[in-house]
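Written below as structure tokens is the structure these notes are about.
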Amino acid sequence: MREVEMTVPHLFRCPISLDLFTDPVTLCTGQTYDRSSIEKWLAAGNLTCPVTMQKLHDPSLVPNHNLRHLIQQWRQMDHRFGPDYFTAIDPLVSLKHCLQSPQSTFQEKLEALQKIQLLTDQTPSTNPFLIQIGFLPLLLQLSFQMVDPEFSQDYMNFVEQGLICVLKLLPYGELESLNMLKQDSKLESLVVLFEHGSIMVKQSLCHLVGVISSSSSTRELCAMIGKHPRFLNLIICIVNQNNEASETGIKAISALCYLESNRGKLVQQGLIDALVTYILNSERSLAAMAMAILEQVLGIERAKEALIKNPNGVKAVVKMVFRVSDHEGSESAVNSLMMVCRESLEAREKAIVAGVLTQLLLLLQSQCNGRTKTKATTLLKLL
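Residue numbers for the sequence shown follow the working numbering, beginning at 356 and rising by one.
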């Protein structure tokens, strides 16, 4: 029995019991324990991570399915793995220890993170290993811990690289790890980073919002973000900035709108005016997506009123009815005009002044699909 125990890889042992994992779960610190062991630790009134001694702001236990699967593979192979496996794992464990250790300097942690980013970029085959040893929750913890009020360049580089690594690992990991952002302090860090971070940080946060909005396991977090007016205002403002982040902003807003409760909150923060401005800028490549978002929120009365009130609102929608380059967005534009024109004489008049009749006739003569042509005919009759 002693011999078998000695052959258990260190990675497969619970740090508390030192036994082979049976039900591995990961804390917000990125450290993995056997469920029964960590539950006893927490039940005894301990509020820290046993290995790192960090205070647990979130005591949630996330099942480490990747490590469980790896242990099952190891058992099936008669407790053996090839030498290449441990050659790959050992340096990663050292990098993780550096990031976790209170004795590591900020510069050492920054260098460790740079090595991890290089690995995720150049050697994607290591990403499952990074997940197995708990890098995803650890990187989230480090990226959204107490924000540096001075926003030094080194700090910003650290957050940029941390978020890039998180986004690279998310396809391999458990999205439940993102729920640590439900903590008030972490959610506030997200908002502050979006407000003061670099363009790269803002882009990464927009991508992260997209991932959060796409999963049922993070639905509650998506709703919490939707209830944060400051964050919604920031993400709406970024849409009309002439930089690389505006497109990721549109994608993030589109993702947030999957949750119906978020739509009204976005409209309250000025979404309609931002979408109108975005659509009117002919150089914006995601105008059709912006048009689809507009159609989606026009079921809200306040959104209709805001569109009609905006001097260029109806004009922007009319512009999207027919574009020489493509018909993407045409159906959404026709649907949107039907919604606002059906009960508003002012909207109908503005649409006619903006040239909607010509746009509809051009659309009917184009190669668009039959459904769009049917709706265009209906709108012509309405006008």
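Quick reminder that beta carbons are idealized off the backbone N, C-alpha and C, glycines included.
Please read all numbers here as calculations on a predicted model, not as lab measurements.
Next item on the list: Please report how far the alpha carbon of Leu524 lies from the alpha carbon of Glu698, in whole angstroms.
Entry: As a first step, residue 524 must be located in the sequence shown, where it is residue number 169. As a first step, residue 698 must be located in the sequence shown, where it is residue number 343. So the two alpha carbons sit approximately 49 Å from each other.
Next item on the list: Keeping to the same chain, check which residues put their C-beta closer than 6 Å to that of Arg423; ignore five residues upstream and five downstream.
Entry: Counting from one through the sequence shown, the residue named residue 423 turns up at place 68. Pro379.
Notebook entry, point to check: Secondary structure at Thr403, three-state DSSP: helix, strand or coil?
Noted result: Within the sequence shown, numbered from 1, the residue matching residue 403 stands at position 48. Strand, per DSSP.
Item checked: Spatial neighbours of Leu719 in its chain, beta-carbon cut-off 6 Å, leaving aside the 5 residues before and after -> Counting from 1 along the sequence shown, the entry for residue 719 is found at position 364. So the qualifying residues of the chain are Lys728 and Ala731.
Checklist line | Runs of alpha helix (DSSP H) lying entirely within the segment 660-717, each at least 4 residues, in chain order | finding: 668-676, 685-696 and 700-708
Margin query: DSSP has Arg368 in a bridge; who is on the other side?
Written below: Along the sequence shown, one-based indexing puts residue 368 at 13. In the DSSP secondary-structure assignment, Arg368 is bridged to Leu375.
Next item on the list: Within the same chain, show all residues whose beta-carbon is closer than 7 Å to that of Leu497, passing over the 5 residues directly before and after it, in chain order.
Entry: For this step, residue 497 is matched to residue 142 along the sequence shown. Leu454 and Gly517.
Next item on the list: Excluding the 5 residues preceding and the 5 following Gln601 in the sequence, name in chain order all residues of the same chain whose CB lies nearer than 8 Å to its CB.
Entry: In the sequence shown, the residue the question calls residue 601 occupies position 246. The sequence shown places Ser at residue 601, not Gln. Around Ser601: Ile593, Val594, Asn595, Tyr633 and Arg639.
Next item on the list: Output yes or no for whether 8 Å exceeds the beta carbon distance between Leu614 and Cys577.
Entry: Translated into positions along the sequence shown, residue 614 becomes position 259. Translated into positions along the sequence shown, residue 577 becomes position 222. Closer than 8 Å, so yes.
Next item on the list: Would you decide whether Glu650 is buried or exposed? Buried here means 16 or more other CB atoms lie within 10 Å of its CB.
Entry: On the sequence shown, position 295 is the one that residue 650 refers to. Counting Cβ neighbours within 10 Å, Glu650 comes out buried, since at least 16 surround it.
Margin query: Please state the DSSP three-state secondary structure of Asp389.
Written below: Indexing the sequence shown from 1 puts residue 389 at position 34. Asp389: strand per DSSP, three-state reduction.
Next item on the list: Please go through the segment 546-619 and give each complete alpha helix (DSSP H) segment of 4 or more residues, from N-terminal end onward.
Entry: 554-569, 574-581, 584-594 and 600-611
Next item on the list: With a threshold of 16 other CB atoms inside 10 Å of the CB of Val359, please say whether the residue is buried or exposed.
Entry: By one-based count along the sequence shown, residue 359 stands at place 4. Residue placement at Val359 is poorly supported in this model, since its pLDDT is 43, which falls under 50; the coordinates still yield a value, given next. Here Val359 is exposed, its C-beta having fewer than 16 other C-beta atoms within 10 Å.
Notebook entry, point to check: Between the C-alpha atoms of Gly725 and Val673, what's the straight-line distance to the nearest angstrom?
Noted result: On the sequence shown, residue 725 is found 370 positions in, with the first residue counted as 1. On the sequence shown, residue 673 is found 318 positions in, with the first residue counted as 1. Rounded to the nearest angstrom, the two C-alpha atoms are 19 Å apart.
Item checked: DSSP beta-bridge partners of Pro418 -> In the sequence shown, the residue the question calls residue 418 occupies position 63. DSSP lists Val380 as partners of Pro418.
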